[in-house]
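Q:
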Amino acid sequence: MESTRLELDQGMTDRFRRYAIYWTPQQGSAFEAFGAAWFGGENCGLDPELAARAKRAPARYGLHATLKAPFRLRSGATIDDMQRALDAFCRIRRAPEASPLGFIRHQRYVVLSPGGRTAAIDWLAAECVTHFDSFRAPLTDADRAAGEIDTMTDRERAYLEDFGYPYVLSEFRFHVSLAGPLETGEADAVRGALEPHLAPMLREPFRIEALTLLGEPEGGGAFQILSRHRFRFT
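The opening residue of the sequence shown carries number 1 in the UniProt record's numbering; numbering runs sequentially from there.
1. Cutting at 8 angstroms between CB atoms, please list the residues of its own chain near P58, excluding the five before and the five after it.
2. Between L50 and the rest of its own chain, which residues show a CB-CB distance below 8 angstroms, the 5 nearest in sequence each way excluded?
3. Looking at the structure shown, is S177 part of a helix, part of a strand, or coil, going by DSSP?
4. Go to E216, then tell me how far its beta strand (DSSP E) extends in each direction, as first and last residue.
5. Could you check what DSSP says for A222 in three-state terms: helix, strand or coil?
6. In whole angstroms, give me the CA-to-CA distance for P138 and G164.
7. For R94, write down the residues that DSSP places opposite it in a beta bridge.
8. Could you check the C-alpha separation between F135 and R74 for me, to the nearest Å?
9. Take the Cβ of I208 as the centre, count every other Cβ of all protein chains shown within 10 Å, and call the residue buried at 16 or more, exposed below.
10. Where does Y159 sit, in a helix, a strand or coil, going by DSSP?
11. Can you grab the Cα-Cα spacing for the pair residue 245 / R105, in whole Å?
Right under this line is the structure:
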């Protein structure tokens with residue numbers, strides 16, 4: 001097992017306001033190349049205005065799937081602490097596998113999600129949520145206001161209070177966001193444009209080879225990859 005880390009001095013770490021644990025594509029993979037092209041400005045044959053609007057929200061996070069949603073570090077915790085914990089976590093776990101990814105609509109977004117078995121990935125996501133929650137700072141009133149609590153179910157509100165994010169555990173669905181939010185006709189057009197580019201990657205079972213730690217710059221902007229932590233057993 002090996003991990004890769006961005007070298008960070010203390011002045012740099014102070015510039016991140018939130019952190020997240022995601023699946024991100026392996027370096028050099030077809031998924032990585034697609035994400036770099038799509039979120040880097042390639043329109044895949046779409047009207048430029050629609051393409052820009054479709055990927056504006058997900059581009060902030062890059063091609064990813066959420067395992068531990070963005071959170072502020074608790075007082076006293078450091079990035080190095082988290083990276084050591086991620087190394088230890090991945091050292092004793094096997095890379096989980098699911099059915100091949102396919103296109104679906106999810107909360108007005110065009111996403112990729114496994115079409116069948118997901119138990120191993122669902123279990124990993126639950127472990128990430130609970131295992132790393134000790135690094136998360138408590139919710140603030142501003143966090144609650146930003147979360148649109150009035151639209152949540154009782155269970156989602158409870159998860160928000162307990163884990164800082166409502167869509168975890170029984171409310172979790174593994175997905176890779178590509179575009180959105182969009183109306184139905186727009187979503188269909190985006191899917192039609194992206195399918196030919198992604199089809200070769202959607203034929204084999206999907207596997208998570210590593211966990212990725214990302215940071216959100218203090219001044220806003222796209223999340224940055226800080227380290228990748230490979231599972232020992234693949």
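For each residue, glycine too, the CB sits at the ideal point set by N, CA and C. Remember, it's a predicted structure, so these values are computed and weren't measured experimentally.
A: Straight from the coordinates:
1. F39, Y109, S177, L178, A179, G180
2. E186, A189, V190
3. strand
4. 210-217
5. coil
6. 8 angstroms
7. F233
8. 6 angstroms
9. buried
10. helix
11. Here the chain covers residues 1 to 234 and nothing more, so residue 245 does not appear.
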